[in-house]
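Trainee: Take this structure, written in structure tokens, and hold onto it; I'll ask about it next.
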Amino acid sequence: MPIEATRGSALLRRLFWFAIGVSTLTAAYAIVSARGLVYDGSFYLMAIAGDGKFHLLEPARLSVQFLQQLPAVLGARVGIADLWSLGRLFSLGMYGWPVVLTVLCWVVLPRGEKSWIAGPLVNLVFAIPAASFIGISEGLIASCMLWVAVLLVMFRLGDRVGAVAALVTTAMCGAVHEEAALCLLLIGWFAAAQFASARGFSRFASAGVAMLAVAGACNMAHWIVTPRSAIERGDFLVSLLGGFAGSPAAPNLSAIAAMVAALSIPMTLIARRQSVFVAVAGVIAVLACGIAFASAPDALAAPSRFFAARGLPVLLTTIIACIFLILRRRGTAPARFVTWPGASVFVALVVSQSLMQVIATDLWRDYVRDLRALVGTGQGVISHSEALEALNRDGSRFRRELLQSWSVQPLSILLAPAGRVRAVVEPAETERWVPYDTRKPQMLPRAPELDWSHFVARSAA
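Read in order, the letters of the sequence shown correspond to residues 622 to 1082 in this note's numbering.
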């Protein structure tokens, strides 16, 4: 191996474990704060708490939803009734799996091929933070599952255990996310290319992976053309057409920081003599995004922008997997492109992304604290206008979006003190769908922790 590649591989190893360590800490903070309950998360959790079962509502994302709900379902089945504790378990499924699966990618890679961890690492640092502030964000876990499958097929079809793991993982990726269709075709290509040279079980596995990948791609294409809901088609198009970057009034600074870094790092390779200058400019620009977010979080933290970026991790994974296919054919490893100037921009991005994640979690904690106090002292149905007046006197975009959404209703229920529901916050009247009809007691969610007697009596009086 050339000296440059050896140095690049060693540097990439340090960058990987640095990013894993920081990502683990930010994920742990989000988990303890039950940040996975934002948006759809509280609705899914309420259903899980009611019957202790999986609620796999999206047929195109069965594998991801299974993994995401697994900790909460196990918690409910062993007798955990406290809704906030179950919310933390749900958040563990949402924020824990991306880190675990990325580490698994490192384990999958052979000793001499560790530099290919660059793909999962870019996904973890560049794409996932831009889409992470949304409950039930399937794209996060889906992208990491796809990377496990890609690396297994690239490097482990030659041994029996790896081949079996590749078959299982590819099958799971066949119902992971609509945007995985093209990536599944790439996985099938990787497998088919090894068929002629493979022998014995590996030959069978390469054929099996190729067929499973094509079948999965067809399944994903079906759900793109005929989605469960027309809303999903709109979300799919938005994430592909650039909505993930936000707007001038509400930019997604996590995505913008990633794009700045994605431009700066290749420029350090192209502009060799000015690589230090380019790196310094990139570091300043990336850190500026984090500082800007920290200076005005209520205005710049817009949950809807994270929602628009929900498909970004899978999209970026597909692009990088395609690049990997080209590099592999040319006999080039990613370590060749890892340099200290580019690494400095990468480190700045890790720091900036973690800063924005911690601040977003702080905003969530403050919001939950105030919403808990409101439902603890209120009575009956609290209208959107009343909640907005009580909880958003400063005009925070962050709070306005959360209070307007239908998701405030199930969240306000699970925040009832000791499970005794006295008040429920209703979303804005413009919301087209609301989970529960508070005028019909029989339609309210049921769970071992919940006591509706005070609320129903008050509403009937």
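For glycine and all other residues, C-beta sits at the position ideal for the given N, C-alpha and C.
1. Please report the residue range of the alpha helix (DSSP H) in which A878 lies.
2. Across which residues does DSSP place I1003 in a beta bridge pair?
3. Comparing C-alpha positions only, which one of L1009, D991, V1046 and I940 sits nearest to G1001?
4. Name the DSSP bridge partner or partners of Q1041?
5. Just to confirm before moving on: does the CB-CB distance between T889 and P962 stay below 8 Å?
6. Following the continuous alpha helix (DSSP H) through S973, name the residue where it begins and the one where it ends.
7. I think S736 touches P955, with their Cβ atoms under 8 Å apart; what is that distance to the nearest whole Å?
8. If you reduce the DSSP assignment to three classes, tell me which class G867 lands in.
9. What residue from M715, S684 and G642 has the CA that sits closest to V653's CA?
10. Buried or exposed: where does C839 fall if 16 or more other Cβ atoms within 10 Å of its Cβ makes it buried?
11. State the start and end residues of the unbroken alpha helix (DSSP H) segment that holds T938.
12. Buried or exposed for L695, please, with buried defined as at least 16 other CB atoms from any protein chain shown within 10 angstroms of its CB.
13. Give every residue of the same chain whose Cβ lies closer than 6 Å to the Cβ of M775, excluding the five residues on either side of it in the sequence, and list them in chain order.
14. V971 and F639: beta carbons closer than 8 Å?
15. Where does the unbroken alpha helix (DSSP H) through F927 begin, and where does it stop?
16. Name the DSSP bridge partner or partners of G821?
17. Which one or two residues does DSSP pair with Y569 in a beta bridge?
18. Less than 8 Å between the C-beta atoms of F1019 and A752, yes or no?
19. What residue range is occupied by the uninterrupted alpha helix (DSSP H) comprising D919?
20. Where do the ends of the alpha helix (DSSP H) carrying V743 lie?
21. Can you tell me the Cα-Cα spacing of V996 and Q689, whole angstroms?
22. Hey, out of F687, R993 and Q815, whose CA is closest to I759's CA?
23. Taking all protein chains shown into account, decide if W844 is buried (16 or more other Cβ within 10 angstroms of its Cβ) or exposed.
24. If you follow the alpha helix (DSSP H) that M715 is part of, which residue opens it and which one closes it?
25. Determine the extent of the alpha helix (DSSP H) in which T790 is found, giving its start and end residues.
26. Would A917 and V966 be called neighbours here (beta carbons separated by less than 8 Å)?
27. In angstroms, rounded to a whole number, what distance separates the CA positions of S823 and A681?
28. Compare the beta carbon distance of Q974 and S875 with 8 Å and say whether it is the shorter of the two.
29. Expressed to the nearest angstrom, what Euclidean distance is found between the alpha-carbon atoms of A879 and S644?
30. Alpha carbon to alpha carbon, what distance is there between T1059 and T982?
31. I'd like to check one pair, V797 with A826: are the Cβ atoms closer than 8 Å?
32. On the three-state DSSP scale, how would you describe E679?
33. Whole angstroms are fine: how far does the CA of L992 sit from the CA of V830?
34. Check the C-beta distance from V1029 over to W1073 and give it rounded, since I have them as a contact under 8 Å.
35. Short of 6 Å in beta carbon distance, which residues of its chain neighbour V881, apart from the five on each side in sequence? Order them along the chain.
36. For V959, count neighbouring C-beta atoms within 10 Å of its own C-beta (all shown protein chains included) and say buried if the count is 16 or more, exposed if not.
Mentor: A quick look at the data gives this:
1. For A878, the uninterrupted alpha helix (DSSP H) run begins and ends at L874 to I891, by DSSP.
2. Paired residues: V1046.
3. Its Cα nearest to that of G1001, the residue V1046 stands out among L1009, D991, V1046 and I940.
4. Checking the sequence, you will find Arg at residue 1041 rather than Gln. R1041 has D1072 as its beta-bridge partners, per DSSP.
5. Yes, the Cβ-Cβ distance between T889 and P962 is below 8 Å.
6. It spans W961 to T998 - the alpha helix (DSSP H) in which S973 sits, taken as one unbroken run.
7. Sure, about 5 Å apart at Cβ, within 8 Å.
8. DSSP places G867 in strand when its eight states are reduced to three.
9. Checking every option, the nearest Cα to that of V653 belongs to M715.
10. Exposed, because fewer than 16 other Cβ atoms sit within 10 Å of the Cβ of C839.
11. Per DSSP, T938 belongs to the alpha helix (DSSP H) from L933 to R951.
12. When all chains shown are included, L695 counts as exposed.
13. The beta carbon of M775 sits closer than 6 Å to those of F811, all from its chain and outside the five residues before and after it, given in chain order.
14. Using a Cβ distance threshold of 8 Å, V971 and F639 count as a contacting pair.
15. Its alpha helix (DSSP H) spans residues P924 to A929.
16. In DSSP, G821 forms no bridge with anything.
17. Because the chain spans 622 through 1082 in this model, residue 569 falls outside it and cannot be assessed.
18. Going by C-beta atoms, F1019 is not nearer than 8 Å to A752.
19. Run containing D919: P918 to L921, per the alpha helix (DSSP H) assignment.
20. In this chain, the alpha helix (DSSP H) harbouring V743 covers A739 to V743.
21. If you draw a straight line from the Cα of V996 to the Cα of Q689, it is about 28 Å long.
22. The residue asked about is misnamed: residue 759 is Glu in this sequence, not Ile. Per the Cα distances, F687.
23. Buried.
24. Segment L704 to V729, the alpha helix (DSSP H) holding M715.
25. DSSP places T790 in the uninterrupted alpha helix (DSSP H) bounded by R781 to C794.
26. Contact: no.
27. Cα atoms of S823 and A681: separation of roughly 29 Å, rounded to the nearest angstrom.
28. Closer than 8 Å, so yes.
29. Roughly 15 Å separates the two Cα atoms.
30. Taking the straight line joining both Cα atoms gives about 30 Å.
31. No Cβ-Cβ contact shorter than 8 Å links A826 with V797.
32. Secondary structure of E679 (DSSP, three-state): coil.
33. For the pair V830 and L992, the Cα-to-Cα distance works out to about 49 Å.
34. 18 Å between Cβ atoms; not a contact.
35. Same-chain partners within the cutoff: A906 and V907.
36. Its Cβ being crowded by 16 or more others within 10 Å, V959 is buried.
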